[in-house]
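Reading through the structure tokens given below for one structure.
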Amino acid sequence: MINVVIAGGGWSGCAAAIAAAKAGAQVMLLERTDMLLGTGLVGGIFRNNGRYTAAEESIAMGGGDLFVAMDANSRHKGVSFPGHSHASLYDVSSMEPLVKQVVENYGITVRTQARIIDVLKYGKVIQALVMDNGEIIKGDVFVDTTGTAGPMGNCLTYGNGCAMCIMRCPSFGPRISLTAKAQVKEVMGQKADGSFGAMSGSCKLNKDSLSPEIRTKLEAEGVVVIPMPEALRRNSTLGKKACSQYAIAEYAANLVLLDTGHCKLMTSFFPLSELRAVPGLENARYEDPYSGGQGNSMRYLGIAPCSNTLRVEGVDNLFCAGEKSGVFVGHTEAVVTGLLAGHNAVRHCLDMQYLELPRSLASGDIIAFVHERMGTKDGLRLRYTFSGSVYFERMKSLSLYSTDRNDIGERVAKCGLTDVYNQCLV
Amino acid sequence: MYPKLAVNCSDINSPFCPCLLADTNHCISCSHLRGLPFCECNWSGLCILYEKQWQSKGSGWRGENNLERWDITTYISRREQFAPNIHLLEFEVSEEMARELRTTGSFVFMRRPDDPQYFHFPVGIMKIQDTTATVVIEAIGPKSIRLLETPDNQILVRGPYYNGVLGQPWIDNITCGTILLVAGGMGQPPALPIAAKLLANGNKLTAVLAPGKIGKIFIEKELQDMGVEVHSVESMRRTGHAQPVAWRRVKA
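Those protein sequences? They're chains A and B, same order as listed.
Under our numbering, the residue at position 285 of the first sequence is numbered 285, and the numbers go up by one with no gaps.
Just add 1000 to wherever you are in the second sequence, counting from 1, and you've got our numbering.
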């Protein structure tokens, strides 16, 4: 039996776990906090712009479970807001139990409040993980989906301090990186100004704290755009954002609110006194991060150097996905990379050739493109997503962008990858 | 396959953290406060960098307002001589010092108040009753002998200090076990608080005591009163007492 151990229960960890289980492995998914999904607990936006194409590619490749769950749990579909078309918004309040159910249905052992503190490595092979209670968990192959956000010391050093976000570091202990513990030197993302890290790009407001008019409109349409009073317009915060697809001028001129269960405010942080000067938000308060008036979590502080097969360089049996595998933004990107990493982990144990997604698919092209760009100084200052910024432009110019389900299915079939994630390899 | 020994600084979560080591970029726990670029600590439940940030706010230089150890001038209120150079001393300390010294493995530094700082020497706490501290001192060198001859019984006590990076969590976390406590000579005083802590956690304790080099067992009755089964032996070395002559020869 092949034992795959996945470190980190965010979207990419869940996707990796599912892909490894489908390929025939015995999978253990370890999560530091008491809930799966990680920063996806406050995400919500998918199928916007090129993410639609990427989601359909994964579905055609047989890795659609999580996208089907998101679709089933969407509050709104086909929403458009500045710079973004045909977005779906999943309900962040009810998504996690559903995903946990999907994961457990595959026979995956999910262990929450299981924090890793170290790895045991002989030569270039990781033997086991050491838990904070001293327990040792052995595995044949490991997937690092520990993310790149936090913990508190990093948010203080590179950002505005701990903003008390969904990561909940003080309660569950800090995130650690398997890659770093395996003595692999990590790469740091940068802000547009060259300083390190990037701040998460959105906050959640408590819906009950909005004016009844805004709340009603938000729940009916999924999106509310409020022109920002002139005095509050500040372009300067945009460069600090993790999500460059929302770092466009329209987001400085307007407050964009989305209904993801909470009211998602598309800005990294916004001083509460200023926010309350906006009509309709006089009584607003933050839901996540709790100190959204002051800052947000810092991310991209530890990216693993890896190949396009997502195997971490320098360790034989370690794969990575999500933000760990490149300067990616968003849970669609996390799921796409997670599926590949989980699948390749099983191939590793069977001495099979690793799967590398072809560049004729957006999913393959983005991984290769990001890894190319990360080798350049400017490349580290950008974030890459199917939904906007440089990569969506590239998708359009290379005709990789499509919203035609059949067309996307045919492209996947042409690469011979239809249902590749559904095949049991063992 | 063993993990690295997880050690924590004994000052973490105490009012004395962050300390001078953090000021000089030598914190043994926080990677940022050791000059490294990223978080990499053996999580203790709080962020030392954050503590540092809050404590430093508004002060002239980093760490200016950090709490330092307390110096208390007090008097020896009771002495008892167990052996030619073994003295039990009792003295009063402040309430907060007494509270801190109840932690297993605590120690203080002692000297005469008017002596220079380098006359300080460390002394383990044997017992804390209300605000009365009990220690046992072996008068063996210039510092300890000088302390015992202090005029008017006046002494200076600096503390609290805790037991370094080892030991503490294992003693605190053993519950309902069966434990053999072995102590001899000057190892007897610190064995008392350990026994008290282990008993409080529902452990069953058997003690083996030997007089050691100082030639006296003096915690036997206290242990028996606590309900420990005590076996006093003449020596725990097969060949009797330590042999300083042989030791010197090996070293040369």
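Idealized CB from N, CA, C, for every residue including glycine.
In the DSSP secondary-structure assignment, A/Phe-319 is bridged to A/Val-143, A/Arg-311. A/Thr-145 is positioned such that its CB atom lies closer than 7 Å to that of A/Gly-8. For the pair A/Val-68 and A/Ile-59, the Cα-to-Cα distance works out to about 8 Å. For B/Cys-1039, the nearest CB of chain A lies under 7 Å from its own CB, placing it at the interface with that chain.
In this structure A/Arg-32 touches A/Arg-175 by the C-beta definition: roughly 7 Å separates them, less than 8 Å. Beta-bridge partners of A/Thr-385 (DSSP): A/Gly-388. CA-CA distance, B/Ile-1155 to B/Lys-1127, rounds to 18 Å. Note: A/Cys-263 is bridge-paired with A/Leu-205, A/Asp-259 in the DSSP secondary-structure output.
Annotated three-state conformation of A/Tyr-421 is helix, per DSSP. One Cα belongs to B/Asn-1153, the other to B/Asp-1023, and the distance between them is close to 37 Å. A direct Cα-to-Cα measurement between A/Thr-267 and A/Phe-46 gives close to 17 Å. For B/Tyr-1050, the nearest beta carbon of chain A is closer than 7 Å to its own beta carbon. Between the beta-carbon of A/Ile-137 and that of A/Met-28 there is about 7 Å, and that keeps the pair under the 8 Å contact cut.
Within the DSSP secondary-structure output, A/Tyr-90 pairs in a beta bridge with A/Ser-74.
In the DSSP assignment, B/Gly-1159 falls within the beta strand (DSSP E) that extends over 1154-1161. By the criterion of at least three beta-carbon pairs nearer than 8 Å, the stretch 1119-1134 of chain B is not in contact with the stretch 1168-1184 of chain B. In the DSSP assignment, B/Arg-1111 falls within the beta strand (DSSP E) that extends over 1107-1111. Taking all protein chains in view, the Cβ of A/Val-426 is surrounded by fewer than 16 other Cβ atoms within 10 Å, so the residue is classified as exposed. No Cβ of chain A is located within less than 7 Å of the beta carbon of B/His-1026.
For A/Ile-117, the residues of chain B that pass the 7 Å Cβ criterion are Asn-1042, in the order they occur in the chain. Where B/Glu-1100 is concerned, the enclosing alpha helix (DSSP H) starts and stops at 1095-1101. Pairing A/Glu-135 with A/Ile-226, the inter-Cα distance amounts to about 52 Å. For B/Asn-1085, there is no enclosing beta strand (DSSP E), as DSSP marks it with neither H nor E. Between A/Thr-332 and A/Ala-55, the gap from beta carbon to beta carbon is short of 7 Å. B/Glu-1149 carries a coil assignment under DSSP once its states are collapsed to helix, strand and coil. The Cβ of A/Gly-10 sits no closer than 7 Å to any Cβ of chain B.
Here A/Met-95 has Asn-73 as same chain residues with Cβ atoms under 6 Å from its own Cβ, once five neighbours each way along the sequence are excluded. The alpha-carbon separation between B/Phe-1091 and B/Gly-1141 amounts to approximately 21 Å.
Around the beta carbon of A/Lys-181, a 10 Å sphere encloses 16 or more other beta carbons of the protein chains shown; the residue is thus reported as buried. In the DSSP assignment, A/Val-119 falls within the beta strand (DSSP E) that extends over 116-122. Boundaries of the alpha helix (DSSP H) around A/Thr-216: 212-221.
Note: B/Phe-1218 is not bridge-paired with any residue in the DSSP secondary-structure output. A/Val-426 carries a coil assignment under DSSP once its states are collapsed to helix, strand and coil.
Considering only beta carbons, the part of the stretch 140-164 of chain A lying closer than 8 Å to chain B consists of Gly-150, Pro-151, Met-152, Gly-153, Asn-154, Leu-156, Thr-157, Gly-161, Cys-162, in chain order. Residue state for B/Asn-1201 is assigned as coil, using DSSP reduced to three classes.
Contact with chain B is found for A/Gly-173, since one of that chain's Cβ atoms lies less than 7 Å from the residue's Cβ.
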